[in-house]
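If you read the sequence shown in the working numbering, its first letter stands for residue 6, the second for the next number, and so on.
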Amino acid sequence: MEFNDFDFHPNVAAGVKAAGYVTPTPIQTQAIPPVLEGHDVMGLAQTGTGKTAAFVLPILHRLMQGPRGRVRALVIAPTRELAQQIHEAIGGLGKQTRLRSATIYGGVGMNPQIEKLRNGAEIVVACPGRLLDHIKQRTINLSHLEVLVLDEADRMFDMGFLPDIRKIIKQVPARRQTLLFSATMPDDIRRLAGEVLHAPVTVQVDHTAPLNTVAHALYPVDQHLKTSLLLELL
Ligand code: AMP
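In structure tokens, the structure reads:
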């Protein structure tokens, strides 16, 4: 299977080509078709498997049709780093689409985020706490939301974000497509999936090891030596 088989909008296909992707990863092969068909999807996959593009590409394809200048897709991620990474993937893969993505996370000022939202981002990548602040202050309008993605749901649960996620879900339209990605499926995540997904297609990659372009290594090291080890590795 190749990316051409998905029949993405030419401006999305251009992003795939620019990223140098030729063959979809297993999670992409399994998840992209049901997401394109508008199904809710529960994806069991961890970072390094290509899961970001598995939801970003069909979202970009979908948003090529329809109105601009309003938030139509929301991705919720547990950490700033992951949110930033997803935002960058959208920027890279969506370079030719003229769709705009904005990040929302704590630890930085609210005003630049409000400005970006006012300028009309179609995709928002957010961490739960700051997103709730924007919802409370009515600086984000989620009433036109079409797609909701919960990324690394198990990590969000570990970090205690589940109550926030439930509050956010109450503020988005009930009629929407929901995609939930998680590396593991403990009972709490299964319960959450039961609450937020409608007749989901479950996709699971047997082999959840990272792509062969991604290397993992473990260095046991004393606390005080961490920085020098990092510098050495860099
Ligand atoms: P992710 O699991 O989404 O964090 O992706 C891990 C890495 O794999 C990222 O650097 C992606 O750019 C890269 N990647 C994703 N899909 C593909 C693909 N089909 N072919 C080659 N690299 C890919």
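The beta-carbon is built from N, C-alpha and C at its ideal position, and this holds for glycine as well.
Pick from the options that is closest to residue i, judged by C-alpha positions
i: Val-113; options: Arg-103, Asp-138, Asn-124; result: Asp-138
i: Thr-52; options: His-221, Val-130, Asp-227; result: His-221
i: Val-201; options: Gln-182, Leu-235, Gly-74; result: Gln-182
i: Arg-73; options: Ala-131, Leu-239, Glu-127, Leu-62; result: Glu-127
i: Val-130; options: Thr-34, Arg-143, Asp-192, Leu-147; result: Leu-147
i: Arg-75; options: Ile-91, Asp-227, Ala-107; result: Ala-107
i: Ala-158; options: Ala-50, Val-177, Glu-151, Ala-24; result: Ala-50
i: Val-206; options: Met-6, Thr-28, Pro-38, Ala-24; result: Pro-38
i: Arg-105; options: Ile-32, Asn-116, Gln-89, Asn-124; result: Asn-124
i: Phe-186; options: Pro-15, Arg-171, Asp-45, Val-177; result: Asp-45
i: Gln-89; options: Leu-122, Cys-132, Met-69; result: Cys-132
i: Arg-180; options: Pro-191, Ala-204, Leu-167, Asp-193; result: Ala-204
i: Ala-218; options: His-14, Phe-8, Thr-30; result: This sequence places Thr at residue 218; Ala is not what is there. Nearest C-alpha to Thr-218: Thr-30.
i: His-14; options: Ile-95, Val-226, Glu-151, Met-69; result: Met-69
i: Lys-172; options: Ala-188, Gly-199, Ile-140; result: Ile-140
i: Met-6; options: Gln-35, Asn-16, Lys-22; result: Gln-35
Residues that DSSP places opposite residue i in a beta bridge
i: Phe-186; result: Gly-48
i: Gln-209; result: Leu-49
Nearest-angstrom beta carbon gap, residue j and residue i [assumed within contact, 8 Å]
i: Asp-156; j: Ile-81; result: 7 Å
i: Tyr-1; j: Ala-58; result: Outside the displayed range of the chain (6 to 239) lies residue 1, so it cannot be described from this structure.
i: Gly-134; j: Asp-163; result: Contact flag wrong, Cβ pair sits at about 15 Å.
i: His-2; j: Arg-67; result: Past the edges of the chain, shown from 6 to 239, lies residue 2, and the structure says nothing about it.
i: Gln-101; j: Gly-43; result: Wrong, their Cβ atoms sit about 23 Å apart, outside the cutoff.
i: Gln-33; j: Gly-48; result: Actually they do not touch by this definition, with Cβ atoms about 10 Å apart.
i: Gly-97; j: Ala-18; result: With 8 Å as the limit, Gly-97 and Ala-18 do not qualify as a contact, their Cβ atoms being about 14 Å apart.
i: Met-161; j: Pro-83; result: 5 Å
i: Leu-153; j: Val-177; result: 6 Å
i: Thr-144; j: Ile-119; result: 5 Å
i: Asp-193; j: Leu-167; result: 7 Å
Residue range of the alpha helix (DSSP H) that includes residue i
i: Thr-57; result: 56-68
i: Leu-98; result: 85-98
i: Arg-195; result: 192-201
i: Ser-19; result: According to the sequence provided, residue 19 is Ala. The question's Ser does not apply to it. Element bounds for Ala-19: 15-24.
i: Ala-36; result: 31-41
i: Arg-75; result: That residue, Arg-75, is in no alpha helix (DSSP H); it is neither H nor E in DSSP.
i: Arg-171; result: 167-175
i: Glu-262; result: Any property of residue 262 remains undetermined from this structure, which presents the chain solely from 6 to 239.
Residue i, enclosing beta strand (DSSP E) - first and last residue
i: Thr-108; result: 106-109
i: Val-80; result: 78-81
Distance cut-off 6 Å: residue i Cβ against heavy atoms of the ligand SAM
i: Thr-84; result: Of the ligands one can find in the structure shown, namely the ligand AMP, none is the ligand SAM.
Minimum length 3: unbroken beta strand (DSSP E) runs contained in the stretch 120-159: 128-131, 152-155
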